[in-house]
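If you number the sequence shown the way the UniProt record's numbering does, the last residue is 154 and the count never jumps.
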Amino acid sequence: MPLYLERWLTAHWRWRLLSWLLAALLTGAGARLIAPGETSAPESHIQVMAQIREHRRLLRKLTPLANIREQLRLPAPEAAQLPFSALRLSRESHAMLMNWQPAKPLSELTLEVSWACLPALFMLLGKQRIEPVGFTLQMHKQALTLILRLGDVE
């Protein structure tokens with residue numbers, strides 16, 4: 001048995017009682033420090049409920065979701081009317097066209113791009129209503145080789 005435990009067990013009952021009270025006091029103080037918001041819980045709950053009501057009121061003012069969906073389905077003015085061109089896509093996205101294999105179910109487009117050009121490339125594909133079925137990125141020298149598999153290219 002450890003020496004400090006043996007000394008505590010053989011100590012006078014007042015010292016043991018004092019140590020229990022001290023332990024309880026420290027436990028209570030520690031719990032109070034960990035969760036200080038116990039006394040202010042009703043006020044914070046009222047504030048949270050007021051914020052929820054305010055957010056709901058603001059959400060009702062926003063355009064309904066159906067209108068947003070309809071706005072998103074509208075074709076882009078120029079890009080939707082023009083047929084897809086791999087050369088135009090590579091020029092507009094600042095990528096170098098490596099290979100273009102148009103086919104009916106799936107077409108394959110290979111481009112050499114930089115990391116900075118990738119978001120613009122995918123945005124241009126979205127504007128032209130072209131959905132990439134899959135893509136592969138490979139590191140090639142200082143640039144990336146992007147192989148795009150495109151569906152429904154007219």
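Glycine included, every Cβ here is placed at the ideal spot set by N, Cα and C.
- For Ser85, DSSP assigns no beta-bridge partner whatsoever.
- Secondary structure at Met49: helix, using DSSP grouped into helix, strand and coil.
- Contact annotation: Leu125 and Pro119 have beta-carbon atoms that are not nearer than 8 angstroms.
- Counting every other CB atom within 10 Å of its CB across the protein chains shown gives Ala31 a total below 16, marking it as exposed.
- Rounded to whole angstroms, Leu22 and Met1 show a C-alpha spacing of 23 angstroms.
- For Phe122, the closest C-alpha among the options Ser44, Ala103 and Leu150 is that of Leu150.
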